[in-house]
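In the order they appear, the protein sequences are chains A and B. Here the UniProt record's numbering is used: position 238 in the first sequence is 238, and no number is missing along the way. Here the UniProt record's numbering is used: position 79 in the second sequence is 79, and no number is missing along the way. All residues carry an ideal CB built from backbone N, CA and C; glycine is no exception. The structure appears below as structure tokens.
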Amino acid sequence: MASSQHLSAIKGSKVLMVGAGGIGCELLKTLALSGFQDIHIIDMDTIEVSNLNRQFLFRQSHVGQSKAKVARDAVLRFRPQISITSYHANVKDSDFNVDFFKQFSVVLNGLDNLDARRHVNRLCLAAAVPLVESGTTGFLGQVTVHIKGQTECYECQPKPAPKTYPVCTITSTPSKFVHCIVWAKELLFAKLFGDKNQDNDLNVRSNDAASSSNHPEDVFERREDEDIEQYAKRIYDHVFGHNIESALANEETWKNRNRPRPIYVKDVLSDEPLQQNGISDKIPPTDNLSTVSAMAYLGLKNPQDIWSLKENSRVFFAALKLFFSKRQKEIGNLSFDKDDHLAVEIVTAAANIRAASFGIPLHSLFEAKGIAGNIVHAVATTNAIIAGLIVVEAIKVLQNDTKNCRMTYCLQHPSRKMLLMPVEPFEPNKSCYVCSETPLSLEVNTQRAKLRDVVEKIVKSKLGMNLPLITHGSGLLYEVGDDLEPDEVANYEANLEKVLSELPYAITGGSIITVEDLRQELVCKINIKHREEFDEEKEPDGMVLHGWTPSAAPAVENDNDAATNNGASTSSTSKSLPDDMEEDDELIIVETGIETIPAGKKRKLSDISNSETTDEKRAKKIPEQLEDDADVVVMLDDGNENGNNDIS
Amino acid sequence: MNGEELTEQETALYDRQIRVWGVDAQRRLSKSHVFVSGLKGTAVEFCKNIVLAGVGSLTLNDDNPVTEDALAANFLIPLDEKMGGGGSLAELCCDSLKDFNPMVHVSVEKGDLSSFDVSFFEKFDVVVISCCSLAAKKSVNEKCRKLSKRVAFYTVDCRDSCGEIFVDLQKYSYAQKKADETVECQLQYPSFEEAIAIPWRSLPKKLAKLYYAMRVVERFEDVEKRKPGETSIEDLPSVLKLRNELCLAHSLNESQVPDSLLERLVVSTREFPPVSAILGGILGQEVIKAISGKGDPLKNFFFFDSVDGKGVIEDISTF
Ligand SMILES: [Zn+2]
């Protein structure tokens, strides 16, 4: 195998690596050792402490620096004679266009998010450059090979959908800790510190007599001359007390559920007047805002400890005050970031207080951070194995040995005795809208839906286009870009607000529109079909796209809650609420590209051993095993995407 | 679960892996002592993995000077140190590994592997030897077994794009997680000597061919008094002859040990870096499992060949 012809294939090649993280570090090292001479590497991330346990090219002293650059320097120390070019940039930047991709013999992905993966897939197709794609989660991993026209592209198979939760489960009837986390992070945190204009399902109306006025008031508005403590107390009582009280008023909701308990400040911190928590003046001045910590202030040390309701309440107050006293400037445009310690503290505390209301077991900051941050669970060994497999496949690609290319699964439990299981790649999916020219079709109410709805809900979120251009016949309806004239921009903005059938080039049933993304060189035709009504529950977009490969598994959580809440059905089996700990096993992680072997579609094993039946049984289990840890993202099902911005 | 908590620094550094295997396992890791002898590419990959994982200490043994060949698959030795100095392979690797994780105590033990006595191994929880002779594998394994405490023993070898891992955990019990319940499991491992003494004809028909091929080459090097990996194309006829003899003695069809496979092992004795990475990763995972007591451990051989891409576990034991 390590023959001279394969060495010459390696030496003459020029490879592009996308991602210098967990897989990337291992990959760059293995490429250099294997004799690769010309390696380019793109990564927009900088190094963090929690990377150091597996991204072995990085040291404590590198924290804050570009991953791509530090990785390059580290590898050049033991292989100074080779050429490594690093780019501290987003692979979606316009610099990395089709011509850029064309210079490479093969592209190797070590990415951590779907969006960038889809983008690279499209550019590889446009540039006709083979792609070796990879992903890991814990002990699981996979490597796949995508060659235009010969194997399936990255998007030929449905990708696991982000996990979603019905809004009312989050706002009214949480039954698991994750629901409380989603509430604390997506609703409360966003309301307190995020963009005030963003839609938020949190109840902000107060019936509180003290604040009564003729106009419904947003309790989150801090009143003039109100000090932080009064404000914090009011918020606490509102979200943990008043809102629970209002929810309890709806008797129907609680017929089959345990009734939550409203929690007010006076019940929890009665023995310590809040004033004594007046901490803003006790905090030593610091330049480094990232070290502001409620735990440090309160003397709580171990993030693995589970705090009592009282401790959580104190953390909540301390963190809220720290935000208002030390980080005032950021308020209004903060979004949750798992590396923002203070943000993790307040979300943990708020989620726990809510959990206490609903009789859900409380969790430590460490656990809460994992859930809230959609943290990818990663280990160095899996990354090393996957990087080795990527290089094995890359060498086959470079030797044009396509018929021997394999997609390989790295398993946690052996299947047919195999821990590393090679599988023959699939042929391209003929109805894939990315690598074939099959038109899509869209059912939509053309007299009600606006162009904006189509752009946001379909073109961007489903088709993954970043810079879409939409035409109907000869008419240009929408375009984005830096080189547009102001009047063009105004014109397109106006179009966005128009109903489809009222556009300058009216879109009606039977119309065929073209959407394209010039940067991705992807063009799709969409046949429009007019439809009057849509089911709000099942078709929340108000439109349905056909021909697009939807999510692998319907990831919407049991929505009995929703049904009961609407009084539409009481079919829900009685809930096992409080001590249901299974949530602990349900990892909430951002997609890492771990693909499930699609059920019902049998991949041909390279070696079909029709031996013992036990082996057969085990082989069938693979999909389940992989699905257990499959890609999930916490998301509210009203389409507010979140979290997934770990773009490398 | 004894009291000692991880430090704040440890929690931050090991955050992601604690989320995979838990605080308890991390605590056990940080108290474990690992010995590695034979520092070619695969062993170096393994060392990197367990240093990153956060074992308590790692002791390196390899007195060989740094040669061009040794450098080929080694990413631990920066160029400026390659030429001058003249430290041993273990010494140079030690410096780099320390740098990977300041919380792991990395040190060098000089001396020939065969010179270490039974009591020497008592200091360790895990012993890994790589690129060793048949005699060394047997003897170190036996020494580990003589101790009253259990020392997990591993061998790892990579030739061309093939690799083998052998595991001896002696009597090993662990908690196996099944859906809802945890079952106490006990495994009984044979020693290396016991495993390879099992007659080939009594082994499963579909056994990885690499197992036989490795035994033939290992035997050849032993008989001819070669150092591990000291073979070339000239040796192929003698190796094939030995294969025939062994197959005859074991009543195994020669086709189970293909010429082409033996040729690869004999001719291209250099480690193929991607395969080293894969073996070092699998071995790292196994050692972490054995130390932490979490997860089903491998019993008792693992084979990988990049030609078919399969990574296969074989249970070769009489139990
Ligand atoms: Zn496709």
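Below-9 Å beta-carbon distance, residue i vs any chain B residue
| i | result |
| --- | --- |
| A:Gln150 | no |
| A:Arg72 | no |
| A:Gly21 | no |
| A:Lys310 | no |
| A:Glu479 | no |
| A:Ile385 | yes |
| A:Phe139 | yes |
| A:Asn645 | At A:Asn645 the pLDDT is 31, less than 50, meaning the model places this residue with poor confidence; the figure from the coordinates comes in the next sentence. So, not an interface residue. |
Test: residue i CB closer than 9 Å to a CB of chain A
| i | result |
| --- | --- |
| B:Thr11 | yes |
| B:Pro258 | no |
| B:Trp21 | yes |
| B:Ser32 | no |
| B:Glu234 | no |
| residue 320 of chain B | This structure gives no information on residue 320 of chain B, because the portion of chain B shown stretches from 1 to 319. |
| B:Asn300 | no |
| B:Ala73 | yes |
| B:Phe272 | yes |
| B:Ala192 | Just to set this straight, residue 192 of chain B is Phe in the shown sequence, not Ala. No, no contact with chain A. |
For residue i, the first and last residue of its enclosing alpha helix (DSSP H)
| i | result |
| --- | --- |
| A:Ser357 | 341-357 |
| A:Asn243 | 243-248 |
| A:Tyr236 | 228-236 |
| B:Pro274 | 273-292 |
| B:Met214 | 209-223 |
| A:Phe193 | 190-193 |
Proximal chain A residues relative to residue i, where beta-carbon distance stays under 8 Å
| i | result |
| --- | --- |
| B:Pro228 | Under the 8 Å cutoff, chain A gives no residues; its nearest Cβ is about 17 Å from B:Pro228. |
Residue burial classification, residue i (beta-carbon count within 10 angstroms, cutoff 16)
| i | result |
| --- | --- |
| B:Glu164 | buried |
| B:Cys185 | exposed |
| B:Thr318 | exposed |
| A:Arg223 | exposed |
| A:Val459 | buried |
| A:Thr253 | buried |
| B:Val257 | buried |
| A:Gln55 | buried |
| B:Asn49 | buried |
| A:Ile512 | exposed |
| B:Glu234 | exposed |
| A:His413 | exposed |
Residue of the options minimising C-alpha distance to residue i
| i | options | result |
| --- | --- | --- |
| A:Asp541 | A:Val204, A:Val455, A:Gly510, A:Tyr492 | A:Val455 |
| A:Lys403 | B:Val156, B:Asp308, B:Glu218 | B:Asp308 |
| A:Thr137 | A:Ser83, A:Ile23, A:Thr144 | A:Ile23 |
| A:Ala127 | A:Gly473, A:Cys435, A:Leu496 | A:Cys435 |
| B:Lys137 | B:Ser260, B:Thr67, B:Asp222 | B:Asp222 |
| B:Asp63 | B:Asn49, B:Leu52, B:Lys149, B:Val36 | B:Val36 |
| A:Glu424 | A:Glu393, A:Asp453, A:Phe240 | A:Glu393 |
| A:Lys67 | A:Ser83, A:Arg77, A:Tyr87 | A:Tyr87 |
| B:Asp125 | B:Val44, B:Cys94, B:Leu29, B:Val266 | B:Leu29 |
Residue i - containing beta strand (DSSP E), residue span
| i | result |
| --- | --- |
| A:His472 | 468-472 |
| B:Cys158 | 152-159 |
| A:Tyr87 | 83-87 |
| A:Ile41 | 38-42 |
| A:Met421 | 418-423 |
Cross-chain neighbours of residue i in chain B, by beta carbon under 9 Å
| i | result |
| --- | --- |
| A:Ile306 | Chain B residues near A:Ile306: none, gap ~13 Å exceeds 9 Å. |
| A:Asn400 | Those do not exist, as A:Asn400 stays about 17 Å from chain B at its closest Cβ, beyond 9 Å. |
| A:Thr144 | Within 9 Å Cβ-Cβ: nothing; A:Thr144 doesn't reach chain B, min ~13 Å. |
Under 7 Å from the C-beta of residue i: neighbouring residues of chain B
| i | result |
| --- | --- |
| A:Pro414 | Ile313 |
| A:Phe78 | Phe75, Ile77, Pro78, Leu79 |
| A:Pro361 | Within chain B, no residue comes near A:Pro361; the closest Cβ sits about 17 Å away, beyond 7 Å. |
Beta-carbon neighbours of residue i, restricted to chain A and to distances below 7 Å
| i | result |
| --- | --- |
| B:Phe100 | Phe56 |
| B:Asn49 | Ala380, Thr381, Ala384 |
| B:Asp296 | His413 |
| B:Gly280 | Ala384 |
Partners in chain B for residue i, counting only beta-carbon separations shorter than 8 Å
| i | result |
| --- | --- |
| A:Asn495 | The premise fails here: A:Asn495 is roughly 46 Å from chain B at the closest Cβ pair, so nothing lies under 8 Å. |
| A:Asn53 | Leu13, Tyr14, Asp15, Arg16, Gln17, Leu52, Ala53, Gly54, Asn101 |
Just by C-beta distance, which residues in the stretch 23-34 of chain A are closer than 8 Å to chain C? Checking the listed chains, one finds no chain C in this structure; the protein chains it contains are A and B.
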